[in-house]
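*Asks:*
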Amino acid sequence: MDNNNNNMSIVSRLEGALLISRDPYPYLMLVAFEAGGPLRALLLLLLSPALWFLDLLRLEDASLRLMIFVSTAGLRTADVKAVAKASLQKFFLEDLRESAYGMFSRCRGRRVVVTRLPRIMVEPFLREYLDVDHVIGTELRTTTTTGGRCAGLVASKGVMGGPLELEALRESMRDWEEEEIDVGLGDGLRDHPFMSLCREPHLISPEEKPSALPRRDYPRPLIFHDGRLVQAPTVLESVAVAVWLPPSILIAVSRVLVGTLLPFKLIPMACAATGLRIRAQFPNNPTTLAAGAATTNRRRLYVCSHRTLLDPVFISTALQRRVSAVTYSLSRLSELISPIPTTRLTRDRSRDDAAMRALLRRGDLVVCPEGTTCREPYLLRFSPLFAEITEDIVPVAVTAEGSMFYGTTVRGYKCLDSFFFLMNPRPLYQMLFLDHHQHHHSNGDNSSSSSSSYEVANRVQRSIGHALGFECTNLTRKDKYRALAGTDGIDSRCFTRTNK
Numbered sequence: 005m006d007n008n009n010n011n012m013s014i015v016s017r018l019e020g021a022l023l024i025s026r027d028p029y030p031y032l033m034l035v036a037f038e039a040g041g042p043l044r045a046l047l048l049l050l051l052s053p054a055l056w057f058l059d060l061l062r063l064e065d066a067s068l069r070l071m072i073f074v075s076t077a078g079l080r081t082a083d084v085k086a087v088a089k090a091s092l093q094k095f096f097l098e099d100l101r102e103s104a105y106g107m108f109s110r111c112r113g114r115r116v117v118v119t120r121l122p123r124i125m126v127e128p129f130l131r132e133y134l135d136v137d138h139v140i141g142t143e144l145r146t147t148t149t150t151g152g153r154c155a156g157l158v159a160s161k162g163v164m165g166g167p168l169e170l171e172a173l174r175e176s177m178r179d180w181e182e183e184e185i186d187v188g189l190g191d192g193l194r195d196h197p198f199m200s201l202c203r204e205p206h207l208i209s210p211e212e213k214p215s216a217l218p219r220r221d222y223p224r225p226l227i228f229h230d231g232r233l234v235q236a237p238t239v240l241e242s243v244a245v246a247v248w249l250p251p252s253i254l255i256a257v258s259r260v261l262v263g264t265l266l267p268f269k270l271i272p273m274a275c276a277a278t279g280l281r282i283r284a285q286f287p288n289n290p291t292t293l294a295a296g297a298a299t300t301n302r303r304r305l306y307v308c309s310h311r312t313l314l315d316p317v318f319i320s321t322a323l324q325r326r327v328s329a330v331t332y333s334l335s336r337l338s339e340l341i342s343p344i345p346t347t348r349l350t351r352d353r354s355r356d357d358a359a360m361r362a363l364l365r366r367g368d369l370v371v372c373p374e375g376t377t378c379r380e381p382y383l384l385r386f387s388p389l390f391a392e393i394t395e396d397i398v399p400v401a402v403t404a405e406g407s408m409f410y411g412t413t414v415r416g417y418k419c420l421d422s423f424f425f426l427m428n429p430r431p432l433y434q435m436l437f438l439d440h441h442q443h444h445h446s447n448g449d450n451s452s453s454s455s456s457s458y459e460v461a462n463r464v465q466r467s468i469g470h471a472l473g474f475e476c477t478n479l480t481r482k483d484k485y486r487a488l489a490g491t492d493g494i495d496s497r498c499f500t501r502t503n504k
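The sequence shown begins at 5 in this note's numbering and counts up by one.
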């Protein structure tokens, strides 16, 4: 392959070539779980022995048709598209083969990807992250009812493969000037008909030791994604989730009771007994920081990175005292079980300013100026409002880790967010209390020693980002919801700290 010719066209197999995995099960399980619910996912899991038997008999098409039917039958097409946009892209990126992506990215001409997965599931990822021009995949039959629903059946051409694959590729090439494709990329395990249309066929050797594309080399940064599952749900991972789910509910309830019924001094020990790990690091003597506000009239504003709704609760636990918190959105259930006072903000600047000042006069306060959670190692833009109500700020770098479930959601039930995080086998909450940040309001006096609230917000964001090793962005809550709803909220401007 001529590396100097960037205008070459390429056609590539998705499974086994661009992606390391050849198994469609994890991606269809994600659709079943995220769009259809746990009962549909359990049905697909129970059918996994039959799917294995069909694969053993080399009836891969029958196996795939059965998985597609169980995963999609009756679902709204809009829900399947939403899962493809918000959840699947993360798992596709994590499974992207480094060597294949390097070859694919060097071809800047027409790009075509062939897959046996439903096109509706893979097209958002391929077009947005790999700039693919045409996707040849399995077409799903849909109903004509209002909103449109998946019938669970494939269209007349059926699952792409063999002659059907070649026919679809020829159809897509009718408006091309050239009659051949420059490069073909396959998985090396089967004869690909589309290779006959390629000048330079390349096959991934089955003996190649695959390596996933590092995060730093992603075509675009992965910042926003949704869904409850942390790991790709292979059959073994699905079994682990199914087995763990019943006891995890009891463990989550016990962890909630520990936080609501026990005094703060006993909570860390009791949480450790349930497998919940809490770690806090203070700049000086932790006793001094914890008791400082109790022995003086000075009220402190704790400004933290936002990982889950439990951030203020764990900060109170680390400080060993009750600290109030403000939030933009909190379910009634979360308010009911919260062991600390919570106040809802209205997104009306003057009203929120007055509310936060009143709370700070009564005691210490925790705020999450990002306004929404971010799962990946990025910080969203900090709202400058917190810098306008006090000059004594304590930044807190917070991280939360769970090996099985995410404790945040956009499309799911937000009232269950805290429970899902606490349902992890050994969740970890880490807090790094940074040095106090003191500043003087500018108040329009142009004093060299004073700072605007935007400058203060940017400095606090950078200090937390540096402590965590996270990248600071200029993205906001609106960008997050736009991205997960299907529009592009990520571009080169998102890493420019303007905050105007």
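Think of the CB as a built atom: it goes at the ideal place given N, C-alpha and C, for glycine as much as any other residue.
Do you know offhand how far R430's Cα is from G279's?
*Replies:* Along the sequence shown, read from residue 1 onward, the residue named residue 430 stands at position 426. Along the sequence shown, read from residue 1 onward, the residue named residue 279 stands at position 275. About 5 Å.
*Asks:* Can you find the residues in the same chain that come closer than 8 Å, C-beta to C-beta, to T146, ignoring five residues on each side of it along the sequence?
*Replies:* As a working note, residue 146 is residue 142 in the sequence shown. These residues qualify, in order along the chain: T81, G152, R153, C154, A155.
*Asks:* Can you tell me which residues form a DSSP beta bridge with E171?
*Replies:* What you label residue 171 is simply residue 167 of the sequence shown in a count that begins at 1. Answer by DSSP bridge pairing: none, since E171 is not bridged.
*Asks:* In terms of residue numbering, what span does the beta strand (DSSP E) encompassing Q285 cover?
*Replies:* The sequence position of residue 285 within the sequence shown is 281, counting from 1. Q285 -> beta strand (DSSP E) spans 281-285.
*Asks:* Since I believe T142 is in contact with L121 (beta carbons under 8 Å), could you give me their beta-carbon distance rounded to a whole number of angstroms?
*Replies:* As a working mapping, residue 121 is identified with position 117 in the sequence shown. As a working mapping, residue 142 is identified with position 138 in the sequence shown. Yes, they are in contact, since the Cβ atoms of L121 and T142 sit about 6 Å apart, within 8 Å.
*Asks:* Can you round the beta-carbon distance between T346 and A329 to whole angstroms, since I take them to be within the 8 Å contact cut?
*Replies:* Walking along the sequence shown from the start, residue 346 turns up at place 342. Walking along the sequence shown from the start, residue 329 turns up at place 325. Their Cβ separation, rounded to whole angstroms, is 5 Å, which keeps T346 and A329 in contact under 8 Å.
*Asks:* Between the Cα of F423 and the Cα atoms of P128, P251, G78, which residue gives the shortest distance?
*Replies:* Against the sequence shown, residue 423 aligns to sequence position 419. Taking only the C-alpha atoms, the option nearest F423 is P251.
*Asks:* DSSP state of D352, grouped into three classes?
*Replies:* Counting from 1 along the sequence shown, the entry for residue 352 is found at position 348. Three-state result, D352: coil.
*Asks:* Rounded to the nearest angstrom, what separates D189 and L201 at their Cα positions?
*Replies:* As a first step, residue 189 must be located in the sequence shown, where it is residue number 185. As a first step, residue 201 must be located in the sequence shown, where it is residue number 197. Correcting the residue type first, residue 189 is Leu in the shown sequence and not Asp. The straight-line gap from Cα to Cα measures roughly 12 Å.
*Asks:* To which residues does DSSP link Q442 through a beta bridge?
*Replies:* By 1-based counting over the sequence shown, the position of residue 442 is 438. Partner(s): D396.
*Asks:* What separation, rounded to the nearest whole angstrom, lies between the Cα atoms of I208 and V118?
*Replies:* Your numbering for residue 208 matches position 204 in the sequence shown. Your numbering for residue 118 matches position 114 in the sequence shown. So the two alpha carbons sit approximately 15 Å from each other.
*Asks:* Measure the Cβ-Cβ separation of D357 and I397 and say whether it is below 8 Å.
*Replies:* Your numbering for residue 357 matches position 353 in the sequence shown. Your numbering for residue 397 matches position 393 in the sequence shown. No.
*Asks:* Rounded to the nearest angstrom, what separates S13 and A77 at their Cα positions?
*Replies:* Here residue 13 refers to the residue found at position 9 of the sequence shown. Here residue 77 refers to the residue found at position 73 of the sequence shown. Each residue's Cα considered, the two are about 36 Å apart.
*Asks:* How far does the alpha helix (DSSP H) with G190 in it extend, from its first residue to its last?
*Replies:* Taking the first residue of the sequence shown as position 1, residue 190 is located at position 186. Counting along the chain, G190 falls outside any alpha helix (DSSP H), though it belongs to the beta strand (DSSP E) covering 185-190.
*Asks:* Do L389 and R353 come within 8 Å of each other at the CB atom, strictly closer than that value?
*Replies:* For this step, residue 353 is matched to residue 349 along the sequence shown. For this step, residue 389 is matched to residue 385 along the sequence shown. Yes. Within cutoff.
*Asks:* Are T264 and P343 close, meaning C-beta to C-beta below 8 Å?
*Replies:* In the sequence shown, residue 264 corresponds to position 260, counting from 1. In the sequence shown, residue 343 corresponds to position 339, counting from 1. A contact, by the Cβ cut-off of 8 Å.
*Asks:* When you compare the stretch 104-111 with the stretch 44-52, are there three or more beta-carbon pairs, one atom per stretch, that lie closer than 8 Å?
*Replies:* Output reads no: the stretch 44-52 does not touch the stretch 104-111.
*Asks:* Whose C-beta lies closer than 7 Å to the C-beta of K269 among residues of the same chain, with five residues either side of it excluded?
*Replies:* Looking up residue 269 in the sequence shown gives position 265. The answer, listed in chain order, is Q324.
*Asks:* Return helix, strand or coil for S451, following the three-state DSSP convention.
*Replies:* Taking the first residue of the sequence shown as position 1, residue 451 is located at position 447. Caution applies to S451, whose pLDDT of 47 falls short of 50 and renders its modelled position unreliable; the value that the coordinates give is listed next. Looking at S451 - three-state DSSP - the assignment turns out to be coil, as it is neither helix nor strand.
*Asks:* Going along the chain, which unbroken runs of the alpha helix (DSSP H) with 4 or more residues stay wholly within the stretch 198-270?
*Replies:* Complete alpha helix (DSSP H) runs here, min 4: 239-265.
*Asks:* How big is the Cα-Cα spacing for P42 and T413?
*Replies:* Here residue 42 refers to the residue found at position 38 of the sequence shown. Here residue 413 refers to the residue found at position 409 of the sequence shown. The alpha-carbon atoms of P42 and T413 are separated by roughly 16 Å.
*Asks:* Can you tell me where the beta strand (DSSP E) holding L432 begins and where it ends?
*Replies:* Here the question's residue 432 lines up with position 428 in the sequence shown. 432-437 is the extent of the beta strand (DSSP E) around L432.
*Asks:* Can you list, in chain order, the residues of its chain whose CB lies under 7 Å from that of R112, leaving out five sequence neighbours each side?
*Replies:* The sequence position of residue 112 within the sequence shown is 108, counting from 1. Contacts found: N10, N11.
*Asks:* In chain order, which continuous runs of the alpha helix (DSSP H) of length 4 or greater are located wholly inside the stretch 38-75?
*Replies:* If we require 4 residues or more, the alpha helix (DSSP H) runs fully inside the stretch 38-75 come out as 42-50, 52-60.
*Asks:* Taking only the alpha-carbon atoms, compute the straight-line gap between L58 and Y29 and give it to the nearest angstrom.
*Replies:* For the purposes of this step, residue 58 is identified with residue 54 of the sequence shown, where counting begins at 1. For the purposes of this step, residue 29 is identified with residue 25 of the sequence shown, where counting begins at 1. Spanning the two alpha carbons is a distance of roughly 13 Å.
*Asks:* Give the DSSP bridge partners of H138, in chain order.
*Replies:* As a working note, residue 138 is residue 134 in the sequence shown. H138 is bridged to V116.
*Asks:* Given a cut-off of 8 Å on the beta-carbon distance, is the pair F437 and V400 in contact?
*Replies:* The residue given as residue 437 occupies position 433 in the sequence shown. The residue given as residue 400 occupies position 396 in the sequence shown. Against a cut-off of 8 Å, the Cβ pair of V400 and F437 comes out as a contact.
*Asks:* From T238 to S456, what does the alpha carbon distance come to, in whole angstroms?
*Replies:* Against the sequence shown, residue 238 aligns to sequence position 234. Against the sequence shown, residue 456 aligns to sequence position 452. Going from the Cα of T238 to the Cα of S456 covers about 51 Å.
*Asks:* Quick one: residues in its chain with C-beta nearer than 6 Å to the C-beta of Y433, no 5 flanking neighbours on either side, listed in chain order?
*Replies:* Your numbering for residue 433 matches position 429 in the sequence shown. Excluding residues within five positions, the ones whose Cβ falls inside 6 Å are I282, F318, A404.
*Asks:* Buried or exposed: which applies to G20, given that a residue is buried once 16 or more other Cβ atoms fall within 10 Å of its Cβ?
*Replies:* The sequence position of residue 20 within the sequence shown is 16, counting from 1. Burial call: buried.
*Asks:* Relative to the C-alpha of Y313, which candidate in C372, D230, I271, R304 has its C-alpha closest?
*Replies:* Your numbering for residue 313 matches position 309 in the sequence shown. Rather than Tyr, the amino acid found at residue 313 in this sequence is Leu. Closest by alpha carbon: C372.
*Asks:* In angstroms, rounded to a whole number, what distance separates the CA positions of A39 and V84?
*Replies:* The residue you call residue 39 lines up with position 35 of the sequence shown. The residue you call residue 84 lines up with position 80 of the sequence shown. Approximately 6 Å, taken between the alpha carbons.
*Asks:* Is DSSP giving Y29 helix, strand or coil here?
*Replies:* Taking the sequence shown and counting its residues from 1, the one referred to as residue 29 is at position 25. Y29: helix per DSSP, three-state reduction.
*Asks:* Is it right to say P272 is buried, meaning 16 or more other beta carbons lie within 10 angstroms of its own, or is it exposed?
*Replies:* Counting from 1 along the sequence shown, the entry for residue 272 is found at position 268. Buried, by the Cβ-count rule.
*Asks:* For V247, does the count of other Cβ atoms within 10 angstroms reach 16, so buried, or fall short, so exposed?
*Replies:* Against the sequence shown, residue 247 aligns to sequence position 243. Exposed: under 16 other Cβ atoms inside 10 Å.
*Asks:* Given that a residue counts as buried once 16 or more other Cβ atoms are within 10 Å of its Cβ, and exposed if not, what is T300?
*Replies:* Here residue 300 corresponds to residue number 296 of the sequence shown, with the count starting at 1. The predicted position of T300 is uncertain, since its pLDDT is 47 and thus under 50; no value can be drawn from it.
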